[in-house]
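What follows is a set of notes on a single structure, which appears directly below.
Residue numbers (my numbering), protein chains in the order written: chain A, 1 to 269; chain B, 270 to 598.
Here's what the structure looks like:
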């Protein structure tokens, strides 16, 4: 694979909070149009990685290169910040707190278009309509305030807003975790369609191994800030090697599953 | 096995800004002594409200019709000391432990309060019982934990404290409302194992409310599925996955991605889950159902017995074995 196919490259990434090492020596490359999962439990450092990639946290060490440009250090220029924002976007877990309650979905998306792309209001309106169609929202829903929308509809607004900059990389930080089962399936299908149509890459931060399997090509398993296993998602889940990955896999309920106390499980693994 | 809890034709209306809104319509379910019943459904299906009605924890101004009988006692008529005793017999563990514990009091005070005030147990004894209960749920060094404040404990640890506290009053029925949803999977497995042990050792009955069908299937004897305030199916937990009777149960099973295989496309259910008060007349699932016919929309569906389970769909016999796979395209 040639270098230009890599849209996001992370090497030696490290983040220390006080005396706690949140992320230690993380490395990965994400090719265009592919999806990578970062899997782990609370405190494993997976969200810190996402926050460093979008620039909400400053790495202690290491480099993050997106679309050929280093974004390891905060930018000093407004234009550079805007460019970074355009290339990598994020959708958070909770669509109830990540949308402005006083703006309609159409206004939210329009604002992003105005800041990043300009254009006439007619052009922007057309683009808003295109994005709404892409995420499966109708005009009435786009013109409603967030409080009038369900969780799944709000999360679609958040996805439409993130896509408005034409990002190359979309970070999905537990973006489907809070959704009802029937809605989660709709949003996962929408995300798969968008990837196929736009050639966008995803970094999916998730604790839900079934969602990870459905949406990603490769996966990293993090435990206490360190990547303990990596590989092709299906192989990693079918045949986990590291004890922690095995433990995660064995903890997922399914047919014939019986919950075991930790000491019994440790003995079994 | 005689039933410990019987809910019959329960309808609940809540007071909202716009007047009374129905959240549960004609719900019936029963739980035998020592049985674990799963209660699954999406947002607004009424599963939490059913638990709240059983524990008599509905918000002020709520209107209830039908009956809830626990161990021969009419729960909806209780008041005063009898109601307090009922709440000791029926313990509730909620999803978010931090929202249900006083952050400025020690674990000790929280755990022993009801024993000291309701049962007049001396403080030393109450503390000793709390320590034993903590050990039972797998917490090491309980004496230290009792001296700590809620913020010093992790979410999984705190949820175990909630379960231990719920058990102190020696309840016979545990209402677990999404009690493992906020926990990591490995912690969830641990908490489920603890609940399983308690059920076996004490003959505790359980109403296990969750949105996770796989989890309900793995730990419960029977599962009840609710949609828009109504029970649509009650069935042996293992059969709900392999041979569901109601199109909604089948659609829920199919919509969930699998950890064992990657689907080309998930079989999503169109539309969104509705609450009882916004549902259409006739079958409430009809607008989202791929098997719906005009007749389904014309009259309300009644619940009928089928193959050891109960289902609310007049086409259930005709659709038997066809509700899964290939239905949603």
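Idealized CB from N, CA, C, for every residue including glycine. Remember, predicted model here, so these are calculated numbers, not experimental data.
Point to revise | Delimiting residues of the alpha helix (DSSP H) encompassing residue 31 of chain A | key: Unbroken run through residue 31 of chain A is the beta strand (DSSP E), 20 to 31; no alpha helix (DSSP H).
Check your understanding: Taking just the CA atoms, how far does residue 117 of chain A sit from residue 324 of chain B?
Key -> Going by the C-alpha atoms only, they are around 56 Å apart.
Review point. Taking the C-alpha atoms as reference points, what is the distance between residue 131 of chain A and residue 140 of chain A?
Key: 14 Å
Exercise for review: Mind listing the chain B neighbours of residue 39 of chain A? Cutoff is C-beta to C-beta under 8 Å, in chain order.
Suggested key: Result: empty, since nearest Cβ-Cβ is about 10 Å, beyond 8 Å.
Check your understanding: On the three-state DSSP scale, how would you describe residue 473 of chain B?
Key -> coil
Check your understanding: So what does DSSP say about residue 201 of chain A, is it helix, strand or coil?
Key -> strand
Review point. Hey, would you say residue 293 of chain B sits closer than 9 Å to residue 274 of chain B, going by beta carbons?
Key: no
Practice item. Mind reading off the beta-carbon distance from residue 6 of chain A to residue 30 of chain A? Whole number of angstroms is fine, and I expect it under 8 Å. Key: 7 Å
Practice item. Could you please tell me which residues of the region 386 to 402 of chain B, in chain order, have their CB closer than 9 Å to any CB of chain D? Key: Looking at the structure shown, chain D is missing, and the protein chains on hand are A and B.
Check your understanding: In terms of alpha-carbon separation, which member of A:225, A:79, A:126, A:190 lies closest to residue 200 of chain A?
Key -> A:190
**Study point:** Uninterrupted alpha helix (DSSP H) stretches inside the region 318 to 361 of chain B (no shorter than 4 residues)
**Key:** 349 to 358
Check your understanding: Which one or two residues does DSSP pair with residue 154 of chain A in a beta bridge?
Key -> Beta-bridge partners assigned by DSSP to residue 154 of chain A: none are found.
Review point. Near residue 481 of chain B, which residues of its chain fall below 8 Å by C-beta distance, leaving aside the five closest residues on each side in sequence?
Key: 309, 450
Review point. Taking Cβ-Cβ distances below 8 Å as the criterion, which residues of the region 152 to 183 of chain A are in contact with chain B?
Key: 152, 153, 180, 181, 182, 183
Exercise for review: Can you tell me the Cβ-Cβ gap for residue 495 of chain B and residue 316 of chain B, rounded? I've got them flagged as a contact below 8 Å.
Suggested key: Yes, they are in contact, since the Cβ atoms of residue 495 of chain B and residue 316 of chain B sit about 5 Å apart, within 8 Å.
Check your understanding: residue 36 of chain A lies in the beta strand (DSSP E); which residues open and close that run?
Key -> 35 to 39
Exercise for review: Would you mind working out which of B:488, B:478, B:591 sits nearest residue 467 of chain B, comparing C-alpha positions?
Suggested key: Looking at the Cα atoms, B:488 is the closest of the given residues.
Check your understanding: How many angstroms separate the CA atom of residue 115 of chain A from the CA atom of residue 179 of chain A?
Key -> 30 Å
Review point. Which residues of chain A have a Cβ atom closer than 7 Å to the Cβ of residue 462 of chain B, listed in chain order?
Key: 259, 260, 261
Point to revise | Backbone CA spacing between residue 512 of chain B and residue 177 of chain A [nearest angstrom] | key: 27 Å
Point to revise | Short CB-CB distance (under 9 Å) between residue 105 of chain A and chain B | key: no
Point to revise | residue 59 of chain A versus A:227, A:24, A:252, A:256, residue with shortest Cα-Cα distance | key: When C-alpha distances from residue 59 of chain A are compared across A:227, A:24, A:252, A:256, the shortest belongs to A:24.
Exercise for review: Return yes when the Cβ of residue 584 of chain B is within less than 9 Å of the Cβ of residue 573 of chain B, no when it is not.
Suggested key: No, these two residues do not count as a Cβ contact at 9 Å.
Exercise for review: Determine the contact status of residue 436 of chain B and residue 443 of chain B, defining contact as a CB-CB distance below 9 Å.
Suggested key: yes
Review point. Which one or two residues does DSSP pair with residue 496 of chain B in a beta bridge?
Key: B:499
Point to revise | Where the alpha helix (DSSP H) through residue 532 of chain B begins and ends | key: Premise fails: residue 532 of chain B is in no alpha helix (DSSP H) and is neither H nor E.
Point to revise | Simplified DSSP assignment, three categories, for residue 404 of chain B | key: helix
Review point. At which residues does the beta strand (DSSP E) containing residue 538 of chain B begin and terminate?
Key: No beta strand (DSSP E) holds residue 538 of chain B; DSSP gives it neither H nor E.
Check your understanding: Based on the DSSP secondary-structure assignment, which residues constitute the bridge partners of residue 168 of chain A?
Key -> The partner list for residue 168 of chain A (beta bridge, DSSP) is empty, contrary to what the question assumes.
Review point. Does the Cβ of residue 48 of chain A have 16 or more other Cβ atoms within 10 Å, making it buried, or fewer, making it exposed?
Key: buried
Review point. Under the rule that 16 or more other beta-carbon atoms within 10 Å means buried, what is residue 102 of chain A, buried or exposed?
Key: exposed
Check your understanding: Just the Cα atoms here: how many angstroms apart are residue 425 of chain B and residue 457 of chain B?
Key -> 8 Å
Check your understanding: Going along the chain, which residues of its own chain have a beta-carbon closer than 7 Å to the beta-carbon of residue 406 of chain B, five neighbours each way excluded?
Key -> Non-local beta-carbon contacts of residue 406 of chain B in its own chain, meaning distances under 7 Å to residues more than five positions away in sequence, involve 429, 432, 433, 463 in chain order.
Check your understanding: Which partner residues of residue 306 of chain B appear in the DSSP bridge assignment?
Key -> B:476, B:491
Review point. Name the chain A residues that come within less than 7 Å of residue 559 of chain B, Cβ to Cβ?
Key: Per Cβ cutoff of 7 Å: no residues; residue 559 of chain B is ~13 Å from chain A at best.
Practice item. Kindly indicate which three-state DSSP category residue 215 of chain A falls into: helix, strand or coil? Key: helix
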